[in-house]
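Chains as they are written, first to last, in this note's numbering: chain F, 1 to 201; chain Z, 1001 to 1201; chain V, 2001 to 2201; chain D, 3001 to 3201. Working notes, structure below.
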DNA sequence: TGGTAATCGAGACGGTACGTCACGTCTTTCG
DNA sequence: CGAAAGACGTGACGTACCGTCTCGATTACCA
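Quick look at the structure:
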């Protein structure tokens, strides 16, 4: 958990080892409750403990507080960064843009917006967030660089600005507007519009 | 507040009228505390009452709960929607994009991110949020429409997608990344890149 | 209450006054639970609050902790010191000795032994205990003094030792041995034996 | 301890034998902590284990709970019942009365009062207490009986009442009033006063 | 001018959740 | 197999806020 990522070959501390069943039950209960309730505020440690069939102390032994637990719970939702076949710029971009703020677990959709304020809380939270997001950003950056090298995209574009243009609309929609039954801004439209520009030729 | 916006010519109810000093003190204390602390969770009604020099009941007499008070407090931060001179598409867009998530009050910068999860809480919150944002969106929509009519922009663009492309990067940056001392994605860059597209011609 | 004995003509502090119903309910619940359970350890503040139909904070607002509450609860059990008719030394002594460790409330019998260790905890507890006991001791002391003055008792007796002789057997029996269904050492026997002595004449 | 007093010639059970070092360390730690703190409540098994350098399970393997451990710990404090030279009634009584509630170990003085409520808890506790006290009571009873037989004391005295008269003052003083730096009620005074009675002759 | 009525501040009310600590039990590894 | 170490589920601790409820004191208005 959180505080012992590299469990490589630790010499094994004495005493009863921590239960992995508890680990999973806690994270699972957290996600369930978050998805059922609608806010971080209404998520209580006591409810998590009850739902997970676990004592409160077992939670506090692993995480210092609600924030850390939340971040850790989210981390388990994120699958691996999507793989780019590398066929065409357009296809790659559509794939990566569609993956922004996307998760395998359906509960994630309701959980993510709750994390926005958390991210702004402290640099520790921010770094945890970056660790999750950065691999995906790097994949996107790489696709853009390759396309420029191959002459498919203009050489003078600002890559950071471009990434913001591509990813922010999806992120915004899925964070602020996930409530709307279906998504109105599709990845393909975003990519095509950004690629072609608005001006008449 | 909130529940008595149209005090036009009410027949004046009997009894002592509500103190406007209290109204202001409460909203002000709320914004102060929000800007000092970093989360909605750590904002307590009791602290607001103490800071405002007001009884708790005086707050609950005006707002049904923390959420409503928060929304109202934010509303006071937002100035009027910016006026578009209507000189060129580019200038107008730069102006409006720069105004996204922008506020006069410096406290707003720290407060806004806290509101993201609130917005997703209930349709009431959502509507309140829309009421604040919609005028600005409409101004932007109008600029785009006029530009299309005048033949400055392609006629086949999807206006909603385009608005997302233009506004989301600023919004994302100011919500998720306000911590970064200075902004890295400038309105001009966004507008120019979107206008011109990425492809080589 | 513990902390405001002289409520004579206080200028009435602002805010809602404390509920006397709560005062009584708490003390009553405490005595009930103490009499039901068998130890101070098994008496919990939460159980008191529940039984009294009161929030925990309402208890902590009045008493700093379990000890203080207990002492206060006991105080309410003790009736007024018994009145001495002053007929004969023997009658007066029998009355006062019988009153040692005696209470109106039947619950007291089970509660008192629990207080012995409390009394030895700190000087504050000790003083509280003395305040309860001292009036009774003084009444006994007075009876002995008068009897000496009237020539009914020897003038060379040590009054403190004599008081210990008279009261300790009852106290011990009622503290350590209350479990024995009926008392084996009666006040009359104590008084008579002490008055007459053990030696043959 | 408690549950295996007669380890005389047991056939030696298999596996690692129990450490006698642990036995002593646990009892010693218990007495130390009891003497340092002032109540049974503040004595915790975890503290005992830590102080004794022992695992909690090692304690629970030997005693069923805190009460049993306490009683056992106290038992180790009590020396053998004092031997009566049998010179004169008065000398014997002074000796035995002075031994009431008396212990070799100075820690006992602070521990004893804590045991009063324990004694009243259950019949098991009571029996354990009686087993400690009874030998001393029997010695006193014997002295009184012999003195009556020899015609030194009146034949009509109630022996149980007399024992209460003699022992209770010391017990009370040492249980309730041990805090007073020095004792005010000396064994000699008690014995003499009880022997002679209060009345003028 | 003297009610009537809703406000004000203060703070107590019954609750719920917090994060900590100790309980007595269970589960490791080591000697 | 007993030892230590320490995690386990449980539940009480004392604190902080919740949203509601009295209090006495203040304003306004209307009669």
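Backbone N, C-alpha and C define an ideal beta-carbon position, used for all residues, glycine too.
Only counting runs of 4 or more residues, tell me where the alpha helix (DSSP H) segments fall wholly within the segment 139–191 of chain F, in order along the chain. Listed in chain order, they are 159–176.
Which value, in whole angstroms, describes the spacing of the CA atoms of residue 135/F and residue 1041/Z? 31 angstroms
Minimum Cβ-Cβ distance from residue 1197/Z to chain F less than 8 angstroms: yes
Buried or exposed for residue 3202/D, going by 16 or more other Cβ atoms inside 10 Å? Here chain D comprises residues numbered 3001 to 3201, so residue 3202/D is not present and cannot be evaluated.
With 8 angstroms set as the bound, which would you pick, yes or no: does the beta-carbon of residue 2041/V sit closer than that to a beta-carbon of chain D? yes
For residue 54/F versus residue 167/F, is the C-beta distance shorter than 8 angstroms? No; because the gap between Cβ atoms is not below 8 angstroms, this pair is not in contact.
Step through the CB atoms of chain F and report whether any lies within less than 8 angstroms of the CB of residue 1158/Z. yes
Chain D contact residues for residue 2033/V, given Cβ-Cβ distances below 8 angstroms: Going along chain D, no residue has its Cβ under 8 angstroms from residue 2033/V, so there is no contact; the nearest lies around 15 angstroms.
In whole angstroms, what separates the C-alpha of residue 2209/V from that of residue 3191/D? Residue 2209/V is absent from the structure shown; chain V starts at 2001 and stops at 2201.
Can you tell me where the alpha helix (DSSP H) with residue 2075/V in it begins and where it stops? 2066–2077
I believe residue 151/F touches residue 1200/Z by the beta-carbon criterion, under 8 angstroms. Please report the beta-carbon distance rounded to the nearest angstrom. 7 angstroms
Looking only at C-alpha atoms, which of 50/F, 169/F, 93/F, 16/F sits nearest to residue 138/F? 93/F
Determine the extent of the alpha helix (DSSP H) in which residue 3204/D is found, giving its start and end residues. Coverage of chain D is limited to positions 3001 through 3201, which leaves residue 3204/D absent and any answer about it impossible.
For residue 3183/D, which of 3052/D, 3170/D, 3193/D, 3021/D has the nearest alpha-carbon? Per the Cα distances, 3170/D.
Strictly under 8 angstroms for the Cβ-Cβ distance: is residue 30/F near chain Z by that measure? no
Across the segment 3075–3089 of chain D and the segment 3101–3120 of chain D, are there enough close Cβ pairs to call them in contact, namely three or more that are closer than 8 angstroms? yes
Beta-bridge partners of residue 87/F, as assigned by DSSP: The partner list for residue 87/F (beta bridge, DSSP) is empty, contrary to what the question assumes.
Can you look up residue 137/F in the DSSP assignment and give me helix, strand or coil? helix
Bridge partner(s) assigned by DSSP for residue 2199/V: 3153/D
The alpha helix (DSSP H) spanning residue 3051/D covers which residue range? Here the alpha helix (DSSP H) through residue 3051/D covers 3045–3052.
Under 8 angstroms between C-beta atoms, does residue 1059/Z make it to chain F? no
Would you call the CB atoms of residue 61/F and residue 33/F closer than 8 angstroms? No.
Within 10 angstroms of its Cβ, does residue 3007/D collect 16 or more other Cβ (buried), or is it exposed? With a pLDDT of 41 at residue 3007/D, under the threshold of 50, the modelled position of that residue is not reliable, and the figure given next carries that caveat. Burial call: exposed.
With 16 as the cutoff for other CB atoms within 10 Å, does residue 3157/D come out buried or exposed? buried
Measure the Cβ-Cβ separation of residue 1197/Z and residue 43/F and say whether it is below 8 angstroms. no
Extent of the continuous alpha helix (DSSP H) to which residue 3021/D belongs: Start and end: 3020–3036.
State the CB to CB distance for the pair residue 3116/D and residue 2116/V, rounded to an integer number of angstroms; the pair is presumed to be in contact (CB under 8 angstroms). 4 angstroms
What residues from chain V crowd round residue 3169/D, counting only those whose CB sits closer than 7 angstroms? 2164, 2165, 2168
Cross-chain neighbours of residue 176/F in chain Z, by beta carbon under 7 angstroms: 1116, 1119
Own chain residues within Cβ distance below 6 angstroms of residue 1165/Z, not counting five before or after: 1194
Proximal residues to residue 2081/V (C-beta, below 6 angstroms), its chain only, five neighbours per side dropped: 2135, 2136, 2139
Between which residues of its own chain and residue 1130/Z is the CB-CB distance below 6 angstroms, once the five residues before and five after are set aside? none
Contacts that residue 2045/V makes with chain D (C-beta to C-beta distance below 8 angstroms): Residues of chain D passing the Cβ test: none, with the nearest at roughly 13 angstroms.
Over what stretch of residues does the alpha helix (DSSP H) that includes residue 107/F continue unbroken? Here residue 107/F belongs to no alpha helix (DSSP H), and DSSP marks it neither H nor E.
Close-in-space but distant-in-sequence residues of the same chain around residue 2022/V (CB under 6 angstroms, 5 per side omitted): The residues are 2054, 2058.
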